[in-house]
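In what follows, a structure is listed as structure tokens, so that the remarks can point back to it.
Chains as they are written, first to last, in the numbering used here: chain A, 1 to 369; chain B, 1001 to 1369; chain C, 2001 to 2402; chain D, 3001 to 3402.
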């Protein structure tokens, strides 16, 4: 048994860290917000050049063919610097579902272009409000006339090149692959709580689209696996964010004087941050185990991922809130850096469903075991 | 508007406080545990003599005819001193349900004897495990042959003189009045978590019993009203216990030296106890309002009682646990007084159902409003 | 204990309620009301109330008040709260901070000069207390005022002054003696916000709004007649302001209430029908509802105490503490139950947007007017009688602190 | 990262597992095993392990150990944990506290004298550290040892010594110099529990049990050869003991696990069928389950660190912190979902009784071996590098403290 990253994985983390620290600075984030940029194109380009975007895409489809563990290592750095990129949409969710459910031809067509960063892809499952374990069959429908219906919110939907869209086809759940660069798709940008991660509403009206289907592929299963996979990877993004919040708060508390003492010398602040540390390390331990399970097809993968997501949700929620609290008034200003994480935390919580949904999944998995 | 006790109510509180402080001392409680006493007969006798047992029983049935508010005032003192008496069983629950659902004759027969302390009565609704908003129809059955079936746990069941028992009668929920002093009832004392409040299992086998029914009385309604009434009164008992825990912990923290400082000078302890204080005052405010609603038949009584119970549960749970924590090792000894409240807290939580059940009631009440 | 009105209370309530029915509607605002219009309406509404004798219910008649009882003031606020009126800091700071401090620590001339125009809405106020390095530790402030003949010359920087850009006057706390311990060297002033040397810059907040300001003061001159209280009495004056602030923070926006959230959950699809059919959603909402009711009921208890003549003590701190923490949790949860739609909203989705705003705003509430941790300390020390924190600045002259 | 065994690990695991299959069953215990039988079996099992070379896996061979690796020790513990064996303080204190401290701070003679008989279960140990007025603040202890020729004369009172009434020897921390600062005046001893002047009195606990004791020492004489380390080195010795204790507290009783609670909820009737069908029950249990898994996984990370040669740091404090708090909450909740039956139990209702015991026991766990608050301080100070608490006892001679 060895519960530690390999030397190669550590080197990968270092590389990713170096790049992100240099490019994705807080001032860069402020600039992107002011410019209302869709995403950080410079960073995306850099990541593509270093091969990070194709880290977990199989070699035969233009990727590097590393495991979920390596992708998770990169995700942690993305989270640490609150990067403004379609990482989860394109290289985690869309790439995975195409890999799982696409035909050889679909994979050959799209995965290399995702890996190289040439195109940005997204996965769209939502049709309005609600956080459900078993959502109803999508209203969006694919038939011989094409794809029709509305999807919202779609991450990066107004500028992505490609979308995998959940829809109904012959009365069953199906996955449609849509080229978003074609005419006739109505795209409306939504107002996003995370100012660095944009969303859109997409309306299709007999839009040409193809089914994503391997002969024996069950769309429900592919979707389930993709969302689980994303949960495992996003947990590391949450952990990266948690760690940034923890040490940002710690550092500020050691700088700020209050009533003639360091703010960080007050037990209320010490205990608050110690509790964040505890949540962080619990989440990290669970996330490491879950990604190992994922990479090794362990029998308790589903359970381990649910555990990992629950503790990552808990850690980042507390860290993002209390980081602002420790900063006091200054944290409420745009010039401070707390707000990036305060917003991103909610986004990552909303992206794949909250505590209720994953608790349900976990208890079901434990009962089934 | 006036959100304060009246002078009469304050005097009542003082009287009750004086008696309980004198009789129901921690050493007395230890003695009762060692003697495996059913209850504190001396205290019960004293309370009877001062008229406290009949405080809320109508004058025409031998009581003093005061309102729920006055009974709540007494309950707070019972809670403050963790008294070992069948207060809730006899003068809160049994007396109330007989008052609500009994015929004139039944009330004339039993209420004066409950008010005087001559007999102890109890209300029995449980038939084994579970904490349900809508429990199934009781297995206990009353027909022309008498009452048959098992009830457990029954508070004070092995020594009480009289029980009101939920049962089914002609396929519907009914309330049976049983004289427990008659032969043929099998009584087994259970192992009680609160060593000062005993429980039993009662087995009936064609036991003579009579229905409790006013002509137009709906048993379900009477039961619902009685449990709500009890929740409002018990909230004050919980608040009394909370306050004792808070100040016991505060006093100890000001005595105990640790690392050359008073334990109570550490911010972790200060904030812990300040949070208990906040919960206490929230609970007290809600409980005062709920008992006023009850005494005045306000339209939002149901909602106010659910609110009151939820905050009383929260306050006492935190206070009982953190009181032990503040005391450290000494709190784990029988010689310290923390454990009385640590056990009583669970009992009062279990007695009428926990957070889940009352949350349900509250949301239903708010939605209906 | 009686939550019903006494006959006198009922009569007053009915009088107020009728007056409001006739007069309030034309002053009401909506979420879309623009800032300038809000300010204009706020002043006009204040004037209307003053005219009818409802502006300073507890103030004596000779300063434009009504000389009414505490309970009348409470009743008026309750009835007024039933309309969406332009209340808040624009006119509120004058009424709830400036007048009380002038009354308690100022001269009769000062009170005459400012009370009536403030009550009428002719003068609006802002608060110049906090500084970048002096928030919770307010007494650590650095803005200095130096006596020069009959005037004081003020230099320094204040922060978090809400609505300063609309205010006519400010209440200012400044250091007049750095050679004594930090609480002892402060003096309280009224400052004309149109004075030369005042530069007001909006702060870009994380909400995207800029309703708070930084106020830079460079050689601003204040005539000595606008000093409140004695030189060195500033801390006591500031405490008067903060105490009267404490009880006024219990007003909730409708979208901040748990009722609003219950409604939202009932309209959001969920696995069992709606989100409100989930037991856990019910349990959380019920818990927050009980806190919100507790806060309201505790507030009523405090008002009863007030009407009996005893002022709000440190225990009133719990009002904001309970409110702000609950607000952050419940708004965060409100976003969560909507799933991704709680985070990326269509222009028409008003509820989701309100939830987001509240979630951001709650972070300010957890800090402003006493951070959570400061309030817990106050309760522990002043209510429970536990020891104060060990301090590094006690009895040390301000200019010798590290 | 790899959670599978290496070939070497797999071979060792299989060897251990076979040996256990052959030998463990006759030593297993049940909830009904009486104290005397427990102690006898514990010693016999220890002897059995020693005979087979599994008693001190990490210890060098010359003291009866196996000179094995950290990972082998971990693997053995894991496999051993699959049987209900009489482990715990009776033999555990000797192995996990006495031998490590003797090895690190004692002489070779002392190690020879005690290591082997301890490993064989011939000598059992108790810990004499805490005192009524010295719990979290252990260095404030008052038991004194005064040198008299070649012996030390000990007077004082210790508390919370578990199983002291069965122990042959004790590890004792006593004050040998009250004129220096409190941490500096302590010395560490081995004490023969059969010595004249030792009086062991059971403490009546809130659980109704009395497995902890108070130990009164009156003029107890300890030969100087049983002193461990130098005079005044006692605090360092105690730290060695407490550090090696820290990692060993991660073993869970089955009824303390969240799995047990999930099972219980699935068997308890509820409004939607069983209690486990309530969303809120699910959400709480899932949260605690994630904490329990996190605790296990964090423990494995620590073990990996250990096997790489770096000792457990202050971060290991989080294991007990997470465990004890979760235990109290989940046991309390386990009682709640059963309603009144969780509080008044029939003799046959084993699960409800276990829940009650755990709810009581959790209060001890939140305090023993570092109270929650002490552990949080350790994490803040030693892991996050935040300032220590202001102390009133730093560098002040013990006998001058208030």
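Ideal placement from N, C-alpha and C gives every residue a C-beta, glycine not left out.
Keep in mind it's a predicted model, so treat the numbers as computed, not measured.
Alpha carbon of residue 2114/C to alpha carbon of residue 2099/C, nearest angstrom: 8 angstroms
6 angstroms Cβ shell around residue 2266/C - same chain, five flanking residues per side excluded: 2274, 2276
Closer than 9 angstroms at the beta carbon, the chain B residues around residue 3342/D: 1129, 1131, 1193, 1346, 1350
Any chain A beta carbon closer than 8 angstroms to residue 1169/B: no
Residue-chain proximity (residue 1274/B, chain A), Cβ-Cβ < 8 angstroms: no
Amino acids of chain C, ordered along the chain, whose beta-carbon sits closer than 9 angstroms to that of residue 1270/B: 2376, 2377, 2379, 2380, 2381, 2384, 2386, 2387, 2389
Segment contact, 8 angstroms Cβ cut-off, at least three pairs: the stretch 2325 to 2339 of chain C with the stretch 2281 to 2293 of chain C: yes
Residues within the stretch 2328 to 2341 of chain C neighbouring chain A, beta-carbon criterion of under 8 angstroms: 2328, 2332, 2335, 2336, 2337, 2338, 2339, 2340, 2341
Neighbourhood of residue 2053/C by C-beta distance below 6 angstroms, restricted to the same chain and skipping five residues each side: 2066
Pair within 8 angstroms by beta-carbon distance, residue 359/A and residue 3272/D: no
Min CB distance residue 2283/C to chain D below 8 angstroms: yes
Under 7 angstroms (Cβ pairs) to chain B, residues found in the stretch 3203 to 3221 of chain D: 3203, 3204, 3205, 3206
8 angstroms Cβ cutoff met for residue 259/A and residue 2354/C: no
CB contact check: residue 1310/B to chain D, cutoff 8 angstroms: no
Range of the contiguous alpha helix (DSSP H) that encloses residue 3253/D: Looking at the DSSP string, residue 3253/D is not in any alpha helix (DSSP H), and its letter there is neither H nor E.
Where residue 2214/C sits in the DSSP three-state scheme: strand
Proximal residues to residue 236/A (C-beta, below 6 angstroms), its chain only, five neighbours per side dropped: 72, 75, 76, 287
When 2045/C, 2367/C, 2170/C are compared against residue 2228/C, the one with the closest alpha-carbon: 2170/C
Buried or exposed (CB count within 10 angstroms, at least 16 for buried), residue 3049/D: buried
Within 8 angstroms, strictly: CB atoms of residue 2141/C and residue 2175/C: yes
Cα-Cα separation between residue 1270/B and residue 2380/C, rounded to whole angstroms: 5 angstroms
Selected residue, minimal CA-CA separation from residue 3318/D, among 3240/D, 3292/D, 3081/D: 3292/D
Backbone CA spacing between residue 1168/B and residue 1174/B [nearest angstrom]: 5 angstroms
Rounded straight-line distance, which links the Cα of residue 2242/C to that of residue 3391/D: 32 angstroms
For residue 1019/B, the first and last residue of its enclosing alpha helix (DSSP H): 1007 to 1023
For residue 2202/C, the nearest candidate out of 2214/C, 2196/C, 2208/C (CA to CA): 2214/C
Cβ-Cβ separation, residue 3191/D to residue 3220/D (assumed contact under 8 angstroms), whole Å: 7 angstroms
Within chain D, partners of residue 3/A - CB distance below 8 angstroms: 3001, 3003, 3297, 3300, 3301, 3303, 3304
Bounding residues of the alpha helix (DSSP H) (the contiguous stretch that carries residue 2/A): No alpha helix (DSSP H) contains residue 2/A, which DSSP labels as neither H nor E.
The stretch 3176 to 3188 of chain D contacting the stretch 3072 to 3079 of chain D, beta-carbon criterion three pairs below 8 angstroms: no
Rounded Cβ spacing between residue 266/A and residue 326/A (contact assumed at less than 8 angstroms): 10 angstroms between Cβ atoms; not a contact.
For residue 112/A, the three-state DSSP class (helix, strand or coil): helix
Residue 1097/B beta carbon near the ligand GDP (any heavy atom closer than 7 angstroms): Among the ligands in the structure shown, none appear at all, so the ligand GDP cannot be discussed.
Buried versus exposed call for residue 132/A [16 or more other C-beta atoms within 10 Å across all chains shown]: buried
Endpoints, beta strand (DSSP E) assigned at residue 330/A: No beta strand (DSSP E) contains residue 330/A, which DSSP labels as neither H nor E.
Assigned exposure category for residue 1228/B - 16 Cβ within 10 Å defines buried: buried
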